[in-house]
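These notes are about the structure you will find just below.
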Amino acid sequence: MNTEKGNLSIHSENIFPIIKKWLYSDHDIFVRELISNGCDAITKLKKLEVMGETTLADDNVFKIEVIVDDKAGTLTFKDNGIGMTAEEVKQYINQIAFSGAEDFLSKYKDKANEDQIIGHFGLGFYSAFMVADQVQIDTLSFSEGAQAVRWMSDGSSEYEMSDGDRTERGTTITLTIGEDSKEFLNEYTVRSTIQKYCSLMPIDIFLMNPNKEEPKDENGEPKEPAEPTPLNDTHPLYLKKPNECTDEEYKEFYRKTFMDFKEPLFWIHLNMDYPFNLKGILYFPKLGNQFDTMEGQIKLYNNQVFVADNIKEVIPEFLLLLKGVLDCPDLPLNVSRSFLQNDGFVKKISSYITKKVADKLNSLYKNDKESYEKFWDDIHPFIKFGCLKDDKFFDKTKDIILYKTTTGDYVTLPEYLERNREKHENKVYYVTDESLQAQYVKIFKDHDMEAVIMNTTIDQPFISHMETKETETKFARIDADLTDTLKDEDDTSEEDNKQLVEEVQEIFRKALSNEQLNVSLENLKAEDISGMILLPEESRRMQDMSKMYGMFGMDNAMMPTNESLLLNKKNKLVKYIIDNKDHENTAIFCEQIYDLAMISHKQLAPEAMTKFIERSNKILQKLI
Ligand SMILES: Nc1ncnc2c1ncn2[C@@H]1O[C@H](COP(=O)(O)OP(=O)(O)OP(=O)(O)O)[C@@H](O)[C@H]1O
Numbered sequence: 002m003n004t005e006k007g008n009l010s011i012h013s014e015n016i017f018p019i020i021k022k023w024l025y026s027d028h029d030i031f032v033r034e035l036i037s038n039g040c041d042a043i044t045k046l047k048k049l050e051v052m053g054e055t056t057l058a059d060d061n062v063f064k065i066e067v068i069v070d071d072k073a074g075t076l077t078f079k080d081n082g083i084g085m086t087a088e089e090v091k092q093y094i095n096q097i098a099f100s101g102a103e104d105f106l107s108k109y110k111d112k113a114n115e116d117q118i119i120g121h122f123g124l125g126f127y128s129a130f131m132v133a134d135q136v137q138i139d140t141l142s143f144s145e146g147a148q149a150v151r152w153m154s155d156g157s158s159e160y161e162m163s164d165g166d167r168t169e170r171g172t173t174i175t176l177t178i179g180e181d182s183k184e185f186l187n188e189y190t191v192r193s194t195i196q197k198y199c200s201l202m203p204i205d206i207f208l209m210n211p212n213k214e215e216p217k218d219e220n221g222e223p224k225e226p227a228e229p230t231p232l233n234d235t236h237p238l239y240l241k242k243p244n245e246c247t248d249e250e251y252k253e254f255y256r257k258t259f260m261d262f263k264e265p266l267f268w269i270h271l272n273m274d275y276p277f278n279l280k281g282i283l284y285f286p287k288l289g290n291q292f293d294t295m296e297g298q299i300k301l302y303n304n305q306v307f308v309a310d311n312i313k314e315v316i317p318e319f320l321l322l323l324k325g326v327l328d329c330p331d332l333p334l335n336v337s338r339s340f341l342q343n344d345g346f347v348k349k350i351s352s353y354i355t356k357k358v359a360d361k362l363n364s365l366y367k368n369d370k371e372s373y374e375k376f377w378d379d380i381h382p383f384i385k386f387g388c389l390k391d392d393k394f395f396d397k398t399k400d401i402i403l404y405k406t407t408t409g410d411y412v413t414l415p416e417y418l419e420r421n422r423e424k425h426e427n428k429v430y431y432v433t434d435e436s437l438q439a440q441y442v443k444i445f446k447d448h449d450m451e452a453v454i455m456n457t458t459i460d461q462p463f464i465s466h467m468e469t470k471e472t473e474t475k476f477a478r479i480d481a482d483l484t485d486t487l488k489d490e491d492d493t494s495e496e497d498n499k500q501l502v503e504e505v506q507e508i509f510r511k512a513l514s515n516e517q518l519n520v521s522l523e524n525l526k527a528e529d530i531s532g533m534i535l536l537p538e539e540s541r542r543m544q545d546m547s548k549m550y551g552m553f554g555m556d557n558a559m560m561p562t563n564e565s566l567l568l569n570k571k572n573k574l575v576k577y578i579i580d581n582k583d584h585e586n587t588a589i590f591c592e593q594i595y596d597l598a599m600i601s602h603k604q605l606a607p608e609a610m611t612k613f614i615e616r617s618n619k620i621l622q623k624l625i
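The numbering used here puts the first residue of the sequence shown at 2, with every later residue one more than the last.
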């Protein structure tokens, strides 16, 4: 063939700089594009062999080699696939590849980042120019008597084609890396890029570096080179049938894929062929400690080619808290994200995944309740978040939501309500901080009562959600009010009691110099409790909200607190105060009782704490 020069069918001379800039954020995807072209070329040849169209040598081993040569300034992708004839290069590279790129650019160039297409599928061969000043193709078609072809372009929309000298079937694509993309001449960068995009591709990928010093043995002699190992796993576990996979294999796949050496709790193997093709494994990770934010990672693949992490248009948001791999060849990934969001097919996939997750949780609850309870502390934030986000998920899981009680066991809401019906009907008492509220928990325990532990960030919105769904049931924090169970009979008449309360309130207000203080009096069964702070549930929720949102600049101190001091009429100290209003010790008793009640309600402010310590010391000294 004579050397042929031509013009690519691209209208704008400036197309390369535009696309380079536009794709700047992840221009490493050219690695994925060129390697997956190599995989396709090999897959096509395999198919031809199956069809009897060609025979392969007995020692034929399919592979893709990536060669980083920093001295020559090149990065090379070599496959032994189907190859191309001169005609095919003209058709596929000069026309299809470039017209594809032009089409891509005209569609997306104005949309900038906010509407990027998912993972830039469809960019193909052309993406090489994002990093290369020059691209050379050397290819030899599998067809008998084919002539090798060389094609070159410097990205200026002109190309040159001539006979090539490749002697083995397949294609080599050599990129002369441009000045501002030199990182792709670094073996480590190339390796991690291949691992990012190609770790599950179906053909073995090897990385070579001809400039690497040969390893030497202790005598300084060159060592026998180690057998090269591929960078990828060509048969990812999710392709196997679930009943053929062992627990160890699932754990191993998890470790390898997420570099997480904590064992996952359990997993769901998705394997669907109809009405759409979806395979994958979702793992429920173990939370490291309570401070770990739940941050999952769902890797999306298209026929074993990595697309992107955590695409919330395809995967329901709450599932992004899990870790997993999903491979869906049917997804229309070369469209914009906003299209995906509104696509009925994508919605079906997403609700299928949600259903599978709910089914798995239900079957675990039914068939292995012991493990389910054991996992609960790790999985509950995820389930609760799912309930808040997705009504269907809530409907499917509402009966298997557990509540950890202060007695240490796990119960469902109906179970809790049933076993506490006598003491407080339709009311769930909860603890948000076990150590801070220890005093209240103790009182509950002393009276054979139980509260549930709701101590994570998700619990407050979850409680509100439950109250809208289960309108009969009310939730109250353990220090919100006093149940009748804690009170003893009181034979004081209402009128007398009212008067007494007013008197005691006056004494306390004076002692504490606090005219706003609300005091109430009850006959508590536990005599040794002098006082408790009660804060109505609604007021506390308001306070919490204002703390959370900073209440639009509103000063927290301006929020009415509505806290009230409940005094125990049966307690000796309280009795003493009532009988000795004017005694010199009365004020100090009032202050101390108030602070003690406050301490088991919330943390004292620094100033109050200092006073409390000083006063406690003074009281002790009086005992000498
Ligand atoms: N390594 C290769 N071996 C054989 N043919 C190739 C190779 N690379 C590219 N081609 C041919 O060039 C064509 C265009 O490649 P390009 O990567 O631009 O698009 P594509 O692979 O068809 O689709 P996509 O845009 O999804 O990557 C391919 O369809 C294929 O026929």
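Even glycine gets a Cβ: it sits at the ideal position worked out from N, Cα and C.
How far does the alpha helix (DSSP H) with residue i in it extend, from its first residue to its last?
{"i": "Lys612", "result": "607-623"}
{"i": "Leu597", "result": "587-600"}
{"i": "Glu495", "result": "495-513"}
{"i": "Asp324", "result": "The residue you asked about is not Asp; residue 324 is Lys in the sequence shown. Careful: Lys324 lies outside any alpha helix (DSSP H), inside the beta strand (DSSP E) at 324-328."}
{"i": "Gly39", "result": "30-51"}
{"i": "Phe340", "result": "338-343"}
Could you work out which residue in the options is closest to residue i when comparing CA atoms only?
{"i": "Val67", "options": "Asp205, Leu536, Phe122, Met85", "result": "Asp205"}
{"i": "Thr173", "options": "Glu264, Met153, Lys367", "result": "Met153"}
{"i": "Glu490", "options": "Thr484, Thr587, Asn524, Phe590", "result": "Asn524"}
{"i": "Glu528", "options": "Asp485, Lys573, Glu538, Asp59", "result": "Lys573"}
{"i": "Asn38", "options": "Glu50, Val62, Met85", "result": "Met85"}
{"i": "Lys79", "options": "Gly387, Asp71, Ile65, Ile600", "result": "Ile65"}
{"i": "Ala512", "options": "Leu320, Gln305, Cys591", "result": "Cys591"}
{"i": "Phe285", "options": "Lys252, Leu279, Glu507", "result": "Lys252"}
{"i": "Asp164", "options": "Gly325, Glu88, Glu225", "result": "Glu88"}
{"i": "Asn427", "options": "Gln461, Asn343, Thr472", "result": "Thr472"}
{"i": "Thr408", "options": "Ile380, Ser372, Val453", "result": "Val453"}
{"i": "Ala359", "options": "Asp378, Phe386, Lys375", "result": "Phe386"}
{"i": "Leu288", "options": "Gln135, Thr457, Tyr404", "result": "Thr457"}
{"i": "His425", "options": "Tyr411, Lys393, Leu487", "result": "Leu487"}
{"i": "Cys388", "options": "Ile402, Phe376, Asp378", "result": "Ile402"}
{"i": "Tyr353", "options": "Glu161, Asp583, Ile600, Leu279", "result": "Leu279"}
{"i": "Gly171", "options": "Arg151, Lys213, Gly82, Met131", "result": "Gly82"}
{"i": "Tyr198", "options": "Lys241, Gln135, Asp310", "result": "Asp310"}
For the beta strand (DSSP E) containing residue i, name the first residue and the last one.
{"i": "Asp632", "result": "Residue 632 falls outside the range modelled here, since the chain spans only 2 to 625, and no answer is possible."}
{"i": "Ala309", "result": "306-310"}
{"i": "Leu208", "result": "206-209"}
{"i": "Gln196", "result": "Not the beta strand (DSSP E): Gln196 falls in the alpha helix (DSSP H), residues 188-199."}
{"i": "Glu564", "result": "Per DSSP, Glu564 belongs to no beta strand (DSSP E) and is neither H nor E."}
{"i": "Ile65", "result": "65-70"}
{"i": "Leu535", "result": "532-535"}
Write down the C-beta distance between residue i and residue j rounded to the nearest angstrom, noting that I regard them as a contact closer than 8 Å.
{"i": "Thr177", "j": "Ala149", "result": "Actually they do not touch by this definition, with Cβ atoms about 20 Å apart."}
{"i": "Phe509", "j": "Leu518", "result": "6 Å"}
{"i": "Tyr531", "j": "Asn569", "result": "For the record, residue 531 in the displayed sequence is Ser; it is not Tyr. So it is a contact: roughly 6 Å between Cβ atoms."}
{"i": "Pro237", "j": "Gln305", "result": "7 Å"}
{"i": "Asp234", "j": "Leu201", "result": "6 Å"}
{"i": "Thr406", "j": "Glu451", "result": "5 Å"}
{"i": "Leu536", "j": "Ala481", "result": "6 Å"}
{"i": "Leu341", "j": "Val308", "result": "Not quite, the Cβ-Cβ distance comes to about 11 Å (not below 8 Å), so this is no contact."}
{"i": "Tyr431", "j": "Phe476", "result": "6 Å"}
{"i": "Asp391", "j": "Phe319", "result": "7 Å"}
Per DSSP, residue i forms a beta bridge with which residues?
{"i": "Tyr255", "result": "DSSP, once it has assigned bridges, lists no residue as partnering Tyr255."}
{"i": "Ser154", "result": "Val136, Tyr160"}
{"i": "Thr175", "result": "Thr77, Gln137"}
{"i": "Ile269", "result": "Leu283"}
{"i": "Lys300", "result": "Asp310, Val326"}
{"i": "Asn569", "result": "Glu523"}
{"i": "Lys1", "result": "Examination of residue 1 is not possible in this model, given that the chain is present from 2 through 625 alone."}
{"i": "Glu5", "result": "Met162"}
{"i": "Pro223", "result": "Lys217"}
{"i": "Val432", "result": "Ile454"}
Item checked: Secondary structure, beta strand (DSSP E): runs of 3+ residues fully inside the segment 353-428 -> Segments of the beta strand (DSSP E) lying fully in the segment 353-428: 403-405, 411-413.
Notebook entry, point to check: Going along the chain, which unbroken runs of the alpha helix (DSSP H) with 4 or more residues stay wholly within the segment 439-478?
Noted result: 439-447, 460-470
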